[in-house]
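Enquirer: First, the structure itself, so that you have it in front of you.
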């Protein structure tokens with residue numbers, strides 16, 4: 001597959017001396033890449049199909065695998081939930097007695113979901129700080145005012161784009177704790193390898209002091225060679241293959257970036273089979289071939305360790321992830337003795353959920369005021385040239401063999417395509433991966449929605465506003481989608497407009513949505529909205545900032561820890577109790593339990609009460625809530641250099 005990037009490369013070479021040097025170096029590295037037939041474990045393999053033949057199933061129910069896992073996981077959450085709630089000081093409710101009363105009926109107890117929004121490395125690190133605060137393995141996280149144990153009480157953990165990198169990285173590394181990753185990275189970099197070493201960009205490659213000793217030449221050769229091996233084996237490759245491979249070196253602590261890891265292999269890991277971890281779910285959007293714009297009606301795909309598919313009516317089916325590379329037709333392998341495994345490479349799944357290249361294109365070409373602050377005008381023609389050239393071949397996506405081909409072709413329009421074209425899960429505007437968690441058959445009661453979005457920019461809401469803070473756009477998109485037929489009956493709490501988020505301060509503090517279940521048609525979870533904000537550090541980096549110094553990385557994580565705990569409850573001494581009330585709310589409704597007065601006080605304080613203020617918002621510059629930590633300086637790679645490096649990798653691939 002050749003990429004016509006001559007125009008883009010010409011721009012990159014003339015843009016600046018720095019860009020020219022980067023592209024030239026990238027081309028030289030690619031030319032010296034590994035032999036094209038050296039797959040390094042990245043190439044999917046043809047095997048005999050198992051006796052229990054893989055099949056496509058309807059999305060009418062959860063899979064047998066998830067149902068079986070739920071029995072184990074829900075029971076495993078009971079003791080952590082009991083311990084957590086007992087520390088939350090919910091006056092007027094004996095939480096230990098409450099949990100013990102329903103211990104043998106886990107479905108009566110709270111069912112918790114966590115959703116980690118996208119936004120590049122900013123999203124990974126903000127989400128990491130929240131997870132660290134919720135994890136009982138973090139030192140002192142179970143002390144007064146803390147929320148350690150919430151992670152252990154959670155059933156589902158979803159992520160997309162940068163939030164998907166966080167989720168994927170934790171599970172690829174044996175569901176290790178954020179604290180351990182950060183602590184090892186800071187105190188013993190050699191032991192940590194390249195894991196979360198973000199001072200070297202994915203286009204520069206790992207530091208030579210990491211888990212393996214190789215030069216940038218070897219790094220580029222390994223990346224290009226792995227993808228070329230997949231292509232030579234007869235599989236379509238796109239720019240997302242390179243994207244996923246490079247991400248893996250930073251997110252998976254294994255030689256060659258975990259090149260042989262598959263996402264479906266998580267299903268056999270002890271922390272999944274034993275129910276000691278939440279179920280990881282990653283989200284991607286389907287894109288119609290030939291189109292760059294992703295609408296709210298686009299099909300939303302969910303990856304679990306067992307399956308890939310969608311509950312949306314456009315598909316309403318799931319395929320076994322392990323065998324997705326197989327040639328399926330009408331719900332079964334076209335050849336009963338020939339199956340393909342290994343297409344679900346771990347990095348490729350993470351890359352698919354964050355394949356935002358066409359988003360860069362549409363943003364760069366946009367004249368809308370809401371987009372002008374994302375990238376400077378000086379770079380717009382550069383980005384447009386590079387990414388348009390990629391887009392002309394429609395390889396700015398992730399190509400997956402379509403396992404749903406000819407499956408229920410009368411009602412399934414996706415069944416007509418040979419390939420699934422998937423892109424970043426936030427491109428439809430739903431940057432928080434709520435979709436899999438609000439499906440009625442998962443019965444999630446409360447979702448902690450961590451919003452790392454960059455909704456504000458240098459011209460919105462005003463040209464004096466701070467850029468890259470959330471403004472509720474993702475929640476609004478999910479609510480609007482829930483009102484259409486594509487939602488397929490999925491309910492979601494009412495959400496106000498963007499101006500209300502900014503004018504009433506909902507974008508700058510925790511807010512609960514859907515507190516009164518009786519006001520919602522259908523079954524919808526309570527949403528605990530946790531927007532990124534300046535607590536001890538200005539963590540509003542651009543989505544396209546590609547490198548962070550160790551001090552910057554640690555500062556963003558620490559800031560998010562303070563977001564989750566509200567400054568270790570210094571901003572509100574009742575914050576743990578209020579979190580506990582949110583967790584218990586739907587459960588108390590089911591069991592007919594009287595809501596304690598402290599919970600009513602919490603809901604008065606944190607629940608959106610329906611008030612709207614749709615006037616055009618003024619300057620939005622959120623102020624530091626706690627004492628600011630020392631400056632965490634470090635270089636940031638700019639969009640011009642990073643895109644030049646992307647061009648170099650892609651052009652290099654075409655030379656092999």
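Numbering (UniProt numbering), first residue to last: 1 to 656. The C-beta atom is built at its ideal place from N, Cα and C for all residues, glycine as well.
1. Can you tell which of 256, 305, 404, 303 has the C-alpha that lies nearest to the C-alpha of residue 57?
2. Helix or strand or just coil, what does DSSP make of residue 77?
3. On a Cα-Cα basis, can you pick out the residue from 74, 106, 87 that is closest to residue 152?
4. Considering only their Cβ atoms, is the gap separating residue 343 from residue 401 smaller than 8 Å?
5. Kindly indicate which residue of 324, 599, 628 has the alpha-carbon position closest to the one of residue 418.
6. Using DSSP with H/G/I as helix, E/B as strand and the rest coil, what is residue 32?
7. Report the residue from 578, 596, 588, 608 whose alpha carbon sits nearest the alpha carbon of residue 147.
8. Any beta carbon of chain B sitting closer than 8 Å to that of residue 579?
9. Quickly, what does DSSP pair residue 607 with across the bridge? List them, please.
10. According to DSSP, is residue 623 helix, strand or coil?
11. Kindly provide the ranges of any beta strand (DSSP E) runs that are 3 or more residues long and lie completely inside the stretch 387 to 434, ordered along the chain.
12. I'd like to know whether the C-beta atoms of residue 496 and residue 514 end up nearer to each other than 8 Å.
13. Does the Cβ of residue 612 have 16 or more other Cβ atoms within 10 Å, making it buried, or fewer, making it exposed?
14. Let's see if you can read the secondary structure: which residues bound the beta strand (DSSP E) around residue 339?
15. Could you tell me which of 182, 256, 59, 159 sits nearest to residue 206, measuring between CA atoms?
16. Answer with buried or exposed for residue 621, where buried requires no fewer than 16 other C-beta atoms within 10 angstroms of its C-beta.
17. Which ranges does the beta strand (DSSP E) cover as unbroken runs of at least 3 residues, wholly within the stretch 108 to 132, from first to last along the chain?
18. Go through its chain and collect everything with a Cβ distance to residue 619's Cβ below 8 Å, but skip five positions before and after it.
19. Going by C-alpha distance, which of 458, 544, 336, 511 is nearest residue 50?
20. When burial is assigned at 16 or more other CB atoms within 10 Å of the CB, is residue 627 buried or exposed?
21. Using only alpha-carbon positions, find the residue among 166, 581, 144 that is nearest to residue 119.
22. What do you get for residue 312, buried or exposed, if any count of 16 or more other CB atoms within 10 angstroms of its CB means buried?
23. Determine contact between the stretch 527 to 541 and the stretch 440 to 453, defined as no fewer than three beta-carbon pairs at a distance below 8 Å.
24. Starting from the C-beta of residue 582, find all residues in its chain whose C-beta is less than 7 Å away, skip the five residues before and the five after it, and write them out in chain order.
25. What residue from 91, 429, 314, 304 has the CA that sits closest to residue 480's CA?
26. May I have the straight-line CA-CA distance separating residue 112 from residue 63, to the nearest angstrom?
27. Note down the Cα distance separating residue 477 from residue 47, rounded to an integer number of angstroms.
28. Report the residue ranges of all alpha helix (DSSP H) runs contained in full by the stretch 446 to 532; include only those spanning at least 4 residues, in chain order.
29. Please give me, in chain order, every unbroken run of the beta strand (DSSP E) with length at least 3 that falls completely inside the stretch 283 to 317.
30. I need the straight-line Cα distance from residue 328 to residue 399, nearest angstrom please.
31. Do you know how far the Cα of residue 238 is from the Cα of residue 564?
32. Compare the Cα-Cα distances from residue 482 to each of 468, 86, 440 and report the closest residue.
33. Using three-state DSSP, classify residue 159 as helix, strand or coil.
34. From the DSSP output, which residues share a beta bridge with residue 45?
35. Identify the continuous alpha helix (DSSP H) that holds residue 352 and give its terminal residues.
36. Classify residue 536 as helix, strand or coil using the three-state DSSP reduction.
Expert: This is what the structure holds:
1. 404
2. coil
3. 74
4. yes
5. 324
6. Below a pLDDT of 50, predicted positions are generally treated as unreliable, and residue 32, at 27, falls in that range; the measurement from the model is reported next regardless. Residue state, collapsed to three classes: coil.
7. 578
8. This model lacks chain B altogether, as it is built from one protein chain only.
9. 512
10. coil
11. 398 to 401, 419 to 424
12. no
13. exposed
14. 339 to 341
15. 256
16. exposed
17. 112 to 116
18. 461, 462, 464, 465
19. 336
20. exposed
21. 166
22. buried
23. yes
24. 446, 512, 526, 528
25. 429
26. 19 Å
27. 42 Å
28. 473 to 482, 498 to 503
29. 300 to 303, 307 to 310
30. 15 Å
31. 38 Å
32. 440
33. strand
34. 341
35. 346 to 353
36. coil
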